[in-house]
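Taking it in order: structure first as structure tokens, then the write-up.
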Amino acid sequence: MKKDIILAGVGGQGILSIAAIIGYAAVQSDLFLKQAEVHGMSQRGGDVQSNLRLSDKPIASDLIPHGKADMILSVEPMESLRYLPFLNPEGWLVTNTKPFINIPNYPAEEDIMAEVKKLPHHVALDAEAIATELGTVKAANMVMLGAASPFLGLEYEKLKDAIRFFFGKKGQDLVDLNLKALEAGREFTNKNMN
Amino acid sequence: MQKQLLLGDEAIAQGAIDAGLSGIYAYPGTPSTEITQYVIDSKEAKEKGIVATWTANEKTSAEAALGVSYAGKRAMVCMKHVGLNVAADAFINSSITGANGGIIFVVADDPSMHSSQNEQDSRFYGKFAMIPILEPADQQEAYDMVHYGFDLSEKYQVPVMLRITTRLAHSRAGVARKASKDQNKLKLPDNFRQFILLPANARKQYKTLLNNQTHFEQEAENSDFNIFMDGKDKSMGIIACGLAYNYLMENYPDRNVPYPVLKVSQYPAPKKQIEKLYNECESILVLEEGYPILEELLRGLLNNGKQIKGRLDGTIPRDGELNPVIVAKALGFNIPELREIPSLVTGRPPSLCKGCPHIDSYFGLNEALEKYGKGRVFSDIGCYTLGALQPYDAINTCVDMGASITMAKGAADAGLKPAVAVIGDSTFTHSGITGLLDAVNDKSSITVIILDNATTGMTGGQPSSALGKIEDICRGIGVEEEHIRIIKPLPKKHEENLKIFEEEIAYEGVSVIIPRRECIQTLNKRMRDKFKAKQKAEAEKQ
Numbered sequence: 093m094k095k096d097i098i099l100a101g102v103g104g105q106g107i108l109s110i111a112a113i114i115g116y117a118a119v120q121s122d123l124f125l126k127q128a129e130v131h132g133m134s135q136r137g138g139d140v141q142s143n144l145r146l147s148d149k150p151i152a153s154d155l156i157p158h159g160k161a162d163m164i165l166s167v168e169p170m171e172s173l174r175y176l177p178f179l180n181p182e183g184w185l186v187t188n189t190k191p192f193i194n195i196p197n198y199p200a201e202e203d204i205m206a207e208v209k210k211l212p213h214h215v216a217l218d219a220e221a222i223a224t225e226l227g228t229v230k231a232a233n234m235v236m237l238g239a240a241s242p243f244l245g246l247e248y249e250k251l252k253d254a255i256r257f258f259f260g261k262k263g264q265d266l267v268d269l270n271l272k273a274l275e276a277g278r279e280f281t282n283k284n285m286n
Numbered sequence: 002m003q004k005q006l007l008l009g010d011e012a013i014a015q016g017a018i019d020a021g022l023s024g025i026y027a028y029p030g031t032p033s034t035e036i037t038q039y040v041i042d043s044k045e046a047k048e049k050g051i052v053a054t055w056t057a058n059e060k061t062s063a064e065a066a067l068g069v070s071y072a073g074k075r076a077m078v079c080m081k082h083v084g085l086n087v088a089a090d091a092f093i094n095s096s097i098t099g100a101n102g103g104i105i106f107v108v109a110d111d112p113s114m115h116s117s118q119n120e121q122d123s124r125f126y127g128k129f130a131m132i133p134i135l136e137p138a139d140q141q142e143a144y145d146m147v148h149y150g151f152d153l154s155e156k157y158q159v160p161v162m163l164r165i166t167t168r169l170a171h172s173r174a175g176v177a178r179k180a181s182k183d184q185n186k187l188k189l190p191d192n193f194r195q196f197i198l199l200p201a202n203a204r205k206q207y208k209t210l211l212n213n214q215t216h217f218e219q220e221a222e223n224s225d226f227n228i229f230m231d232g233k234d235k236s237m238g239i240i241a242c243g244l245a246y247n248y249l250m251e252n253y254p255d256r257n258v259p260y261p262v263l264k265v266s267q268y269p270a271p272k273k274q275i276e277k278l279y280n281e282c283e284s285i286l287v288l289e290e291g292y293p294i295l296e297e298l299l300r301g302l303l304n305n306g307k308q309i310k311g312r313l314d315g316t317i318p319r320d321g322e323l324n325p326v327i328v329a330k331a332l333g334f335n336i337p338e339l340r341e342i343p344s345l346v347t348g349r350p351p352s353l354c355k356g357c358p359h360i361d362s363y364f365g366l367n368e369a370l371e372k373y374g375k376g377r378v379f380s381d382i383g384c385y386t387l388g389a390l391q392p393y394d395a396i397n398t399c400v401d402m403g404a405s406i407t408m409a410k411g412a413a414d415a416g417l418k419p420a421v422a423v424i425g426d427s428t429f430t431h432s433g434i435t436g437l438l439d440a441v442n443d444k445s446s447i448t449v450i451i452l453d454n455a456t457t458g459m460t461g462g463q464p465s466s467a468l469g470k471i472e473d474i475c476r477g478i479g480v481e482e483e484h485i486r487i488i489k490p491l492p493k494k495h496e497e498n499l500k501i502f503e504e505e506i507a508y509e510g511v512s513v514i515i516p517r518r519e520c521i522q523t524l525n526k527r528m529r530d531k532f533k534a535k536q537k538a539e540a541e542k543q
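Protein chains in written order, with the numbering used here: chain E, 93 to 286; chain W, 2 to 543.
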């Protein structure tokens, strides 16, 4: 088992919270893991990514080689395209469709979606709308994780355990809400796999 | 014990806690910040009574650590690569005094300049100081090397450098811990002259350092971190330093490299092993995350030996960090065609946060300077360096910590009037005070704007040494009372602030304006924590 995942987004969108949950689930599944993060200047509203590598064998490089990523999981649509040179020919692109616009020359949304749809394997969903419907926009990242869950190579139950672990301190309500968000994302992918 | 998922930085911190550390000192700087932050936040470190603290700058950090070593205890000092420039005086001279308790200088380099102004390679400094250097390939080695490094430091009474780069610093992997050691007892140096670098003593101490070079080399030859792996194909031998070893191995999923490989993670370079590789192979490929240091040594000035491939002959780009694909190309592998980034994808540079006080300061300053024309704002290092970007376009320089004030002074001396310096509160106490003193002594005509957001913002909101002290410092070094102006940078105060900017910029002498408003990030965090505490208190009442 070996999965190379690029997490993408904008500084402040919380992609590291997704990484932390996958990471915990991977460790609980006795897998090796390497996860390269971006700290420092870029975190101030710039483009950020995290290279997440899971494997049942020891992992050499902290960085995913170009053309080898099994998935790009992006919480922002334009950012999902920035890392295409890393995606392998059969890889999946899973992206949120809600743009984060903090630059004056942000491209037209329909142009971005047209590029996303060119890919043989993609899932695009408005995670914020789904999360808002469930009760809070804050659960959008868990919707995205749910949407990516069929491609992670991890047992779904392990992801749920990881959510219980991370949100447990904050009360059962929040655990339930995030589990629902995870499920909603997963359901979307299962219905709309392209 | 189950492995812990740790950043390279955190592995070093945990290693230090477990290896009997007594004191750790640092000034925050990407990518080194998380080492000291981890120890500061560690409950275990608190229970063990470890001193963990942010200091005014890297030089004061290094000297405090050397003091801990003098007292016989284990000390660590952490910095980013350019921080070592600031600490260089203490660093180089500590190689002459030597150590008593173990001391490790952790230096985090930033090839590709993700968050820095250059990509200098700290191994040069280590070689310059003639001390052992450790360069881990992964998080586990980073952890293990702290234990080993302290022992090595105490064995030869010499400071040891632990050099990492951004990718290792900020990448997480599983780390297995060793048994925890007690701290050393207070024990003064056996020789009370060891730390007195009067020429007569320094000459003796220097000889000791020189005599130890063969021992350091021998340690590198015997080190478990330097590994010679034989290979059948002798057409090429590979030297892979530190992190570069991972990128090499990434290209051989079953780890069966056909060529002989020497993994180098401890310096001075293991000469005998390199000689064996050189003699056996027709050519040598050198993979280094940083400057071509070993490569240059191998080539020599005349480059009249065997073919040496690396950054100097174009096999690998001359600048920037390595990655698996760069190494694949150097190994002669074909790279499959990659997808391209669609042309509509635009850059998304970092920017000042919404509600950041610097925004209001820059809008005020820009307007006040309009009548003088562009090109007269000397700035410094911090979040406010983003004032170089649109829509502010407000600053003209960013060189090194503190250079804003002194460069403005020089430009004013040369006739540029008015000249303005923009510096943050934490950068001011790091390296700005002495420059301001120069300007006061010379009555230079400059306006110094000290952006006081009450924190070290860019690195994540560490406490600023300047907190509550800025006007007193300015007064104390002789800035005239009536030319120390404090303003509150807020949109609604724009007109009022603009007038103050204009008045002080027009003043021919040293004036200081202190725009004071808390960083929006630390403010939000404080409010969140307060809210949580209130919620908790209410829950307990019920």
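Glycine included, every Cβ here is placed at the ideal spot set by N, Cα and C.
Nearest chain E C-beta to residue i closer than 8 Å, yes or no?
i	result
GLU297(W)	no
THR456(W)	no
GLY175(W)	yes
VAL326(W)	yes
THR347(W)	yes
LEU286(W)	no
HIS171(W)	yes
MET459(W)	yes
TYR350(W)	Per the sequence shown, residue 350(W) should be read as Pro rather than Tyr. So, interface residue.
Could you compute how far the alpha carbon of residue i sits from the alpha carbon of residue j?
i	j	result
VAL258(W)	MET230(W)	9 Å
GLU276(W)	HIS171(W)	34 Å
LYS273(W)	LEU210(W)	21 Å
PRO343(W)	LEU173(E)	7 Å
VAL288(E)	LEU165(E)	The question about residue 288(E) has no answer here: the residues shown for chain E are numbered 93 through 286.
MET60(E)	TYR248(E)	The requested residue 60(E) is not part of the displayed model; chain E covers only 93 to 286.
ALA17(W)	ALA177(W)	14 Å
ILE156(E)	LEU7(W)	19 Å
SER123(W)	HIS82(W)	6 Å
VAL107(W)	GLY416(W)	42 Å
Going along chain W in order, which residues have a C-beta closer than 7 Å to the C-beta of residue i?
i	result
ALA152(E)	ASN247, MET250 and GLU251
MET170(E)	VAL346
If we define contact as Cβ-Cβ less than 8 Å, is residue i a contact residue for chain W?
i	result
HIS131(E)	yes
ALA128(E)	yes
PHE259(E)	no
VAL215(E)	no
LEU146(E)	no
ARG256(E)	no
ASN197(E)	yes
ASP139(E)	yes
Can you find a heavy atom of the ligand MG that lies under 7 Å from the Cβ of residue i?
i	result
PRO133(W)	Absent from the structure shown: the ligand MG. Ligands present: none.
Along the chain, where does the beta strand (DSSP E) containing residue i start, and where does it finish?
i	result
PHE129(W)	No beta strand (DSSP E) holds PHE129(W); the alpha helix (DSSP H) holding it covers 124 to 130.
ALA241(W)	238 to 242
MET93(E)	No beta strand (DSSP E) contains MET93(E), which DSSP labels as neither H nor E.
VAL77(W)	The sequence as given places Met at residue 77(W); Val does not occur at that position. MET77(W) -> beta strand (DSSP E) spans 75 to 81.
GLY425(W)	420 to 425
ARG256(W)	ARG256(W) -> no beta strand (DSSP E), and no H or E assigned at all.
Let's see if you can read the secondary structure: which residues bound the alpha helix (DSSP H) around residue i?
i	result
THR187(E)	That residue, THR187(E), is in no alpha helix (DSSP H); its beta strand (DSSP E) goes 179 to 188.
ASN143(E)	Taken as a continuous stretch (DSSP letters only), ASN143(E) belongs to no alpha helix (DSSP H), being part of the beta strand (DSSP E) at 139 to 147.
THR407(W)	404 to 414
SER117(W)	That residue, SER117(W), is in no alpha helix (DSSP H); it is neither H nor E in DSSP.
ARG476(W)	471 to 477
Under 8 Å Cβ-Cβ, which residues of chain W neighbour residue i?
i	result
GLU207(E)	PRO343 and LEU345
ASP203(E)	LEU345
Could you name the residues of chain E that residue i contacts, counting a contact when the two beta carbons are closer than 9 Å?
i	result
THR31(W)	HIS131, GLY132 and MET133
So residue i contacts chain W; which residues on that side make the cut at Cβ distance below 9 Å?
i	result
LEU179(E)	LEU339 and ARG340
LEU176(E)	LEU339, ARG340, GLU341, ILE342, PRO343 and VAL346
Is the shortest distance between the beta-carbon of residue i and the beta-carbons of chain B less than 8 Å?
i	result
VAL186(E)	In summary, chain B is missing from the structure at hand, where the protein chains are E and W.
*Which full runs of the alpha helix (DSSP H) of 4+ residues lie inside the stretch 213 to 282 of chain E, going along the chain?*
219 to 226, 232 to 240 and 248 to 259
*Return the chain-ordered ranges of every beta strand (DSSP E) run that is complete within the stretch 126 to 214 of chain W and spans a minimum of 3 residues.*
161 to 166 and 172 to 176
_4 or more residues per run - each alpha helix (DSSP H) lying fully within the stretch 304 to 382 of chain W_ = 325 to 331 and 358 to 370
*Taking the runs of the beta strand (DSSP E) that are 3 residues or longer, which of them lie wholly in the stretch 496 to 533 of chain W?*
512 to 516
_Inside the stretch 19 to 89 of chain W only - alpha helix (DSSP H) runs reaching at least 4 residues_ = 34 to 42, 44 to 48 and 59 to 71
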